[in-house]
Amino acid sequence: MNPNCSEYDKVDEASTSRSVSMLPKCNGHRSQESNDSSPSMFIDERFRIISTLGKGNYGTVVLAEEKETKKRYAIKIIKKRYLMLSSLGFKQVFSEKKILQMAQFPFIVDFYGSFKSNSNLFLMLEFVQGGDLFTHLKKMNRFRENVAKFFAIQIVLALEYLHKLDIIYRNLKPKNILLDQHGYCKLADFGMSKQLNNQRTYTICRTWEYIAPEIIKNQGYGTSIDCMICAMAEHLSKQHR
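Letter by letter, the sequence shown follows residues 2 to 242 in our numbering.
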């Protein structure tokens, strides 16, 4: 964790315990036991795959246990052959890796390293056990206002930290906000993130349900598009539809 992240202390401990107690119990990410022994699901001899946590355009995220230490990680398996189909494929993955290396903050998933095989690239990430915010919202129908504010504060701090590094997140949605075993938020999935280097970007790159008007207008945008979080506290405290 970054020792300079003094903003972390702004989250009131009393409100933390109250907010966490209101959450339903969750057994972690929605996952399925993986019996897939195909090469695409093989990591290397150091790890044992326990389950599949999610699937995307370029690969799969699995829960894996390091045999020697018994530590568990969320490992993103990225298929090289899919990356080769797009001119932006490898560039996007290396950008994600660079950003994960830079971003060390209490409310962002930890990055532990990367390695590769002949057919895959692997990113080792923190396994966050509490499930995602979307799943909790669906179960509870809505969050109480103080719970929504508790989450929103942490997400704002994470975005503020990224913006200080001139990083735009671009993929803010409840499914990308994970909860640890204590109920704290962890921002995840930096596949759409980008370091701006004091420039505007024009890429149409975002989940359509959560897209900002600046992107649709194609007039260039910066870190301000991530600030739609200001409306999320209100959204989370209303009835989920």
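Positions of the beta carbon are idealized from the N, C-alpha and C atoms, including for glycine. Computed from a predicted model, the values in this text were never measured in an experiment.
Assuming residue i is part of the alpha helix (DSSP H), what are its boundary residues?
i	result
Lys81	Lys81 to Leu84
Gly90	Gly90 to Met103
Val148	Glu146 to Lys165
Leu179	No alpha helix (DSSP H) holds Leu179; the beta strand (DSSP E) holding it covers Ile178 to Leu180.
Leu64	Counting along the chain, Leu64 falls outside any alpha helix (DSSP H), though it belongs to the beta strand (DSSP E) covering Gly60 to Glu67.
His183	Taken as a continuous stretch (DSSP letters only), His183 belongs to no alpha helix (DSSP H), as it is neither H nor E.
Leu197	Counting along the chain, Leu197 falls outside any alpha helix (DSSP H), and DSSP gives it neither H nor E.
For residue i, is the beta carbon positioned less than 8 Å from some heavy atom of the ligand GTP?
i	result
Ser52	The model depicted lacks the ligand GTP and carries no ligand whatsoever.
Give every residue of the same chain whose Cβ lies closer than 8 Å to the Cβ of residue i, excluding the five residues on either side of it in the sequence, and list them in chain order.
i	result
Arg82	Ser120
Lys218	none
Glu69	Arg47
On the DSSP letters alone, give me the boundaries of the beta strand (DSSP E) that residue i sits inside.
i	result
Ser52	Phe48 to Lys56
Lys218	Per DSSP, Lys218 belongs to no beta strand (DSSP E); it is in the alpha helix (DSSP H), Pro214 to Lys218.
Leu126	Asn121 to Glu127
Phe1	This structure leaves residue 1 out entirely; the chain is present only between 2 and 242.
Gln187	In the sequence on display, residue 187 carries Lys and not Gln. Start and end: Cys186 to Leu188.
Just to confirm my understanding: we take residue i, look at its own chain, exclude 5 residues before and 5 after, and list those with CB closer than 6 Å. What are they?
i	result
Val62	Leu54, Gly55, Ala75 and Lys77
Asp133	Lys176 and Leu179
Gly114	Met125
His164	Thr224
Gly60	Ile78, Ile79 and Lys80
Val129	Leu179, Asp181 and Lys187
Ser22	Residue placement at Ser22 cannot be trusted, given a pLDDT of 44 that sits under 50; what the coordinates show is reported in the next sentence. Cβ within range, chain order: n/a, list empty.
Gly90	Leu84
For a quick check, are the C-beta atoms of residue i and residue j less than 9 Å apart?
i	j	result
Phe48	Ile79	no
Asp45	Ser118	yes
Ile168	Ile100	yes
Ile51	Glu66	yes
Leu166	Ala104	yes
Between which residues of its own chain and residue i is the CB-CB distance below 7 Å, once the five residues before and five after are set aside?
i	result
Phe116	Phe123
Phe191	Glu97, Ile100 and Leu101
Touching by the beta-carbon criterion (3+ pairs, under 8 Å), the region 181 to 201 and the region 106 to 116: yes
Contact the region 191 to 199 vs the region 138 to 158: 3+ CB pairs below 8 Å: no
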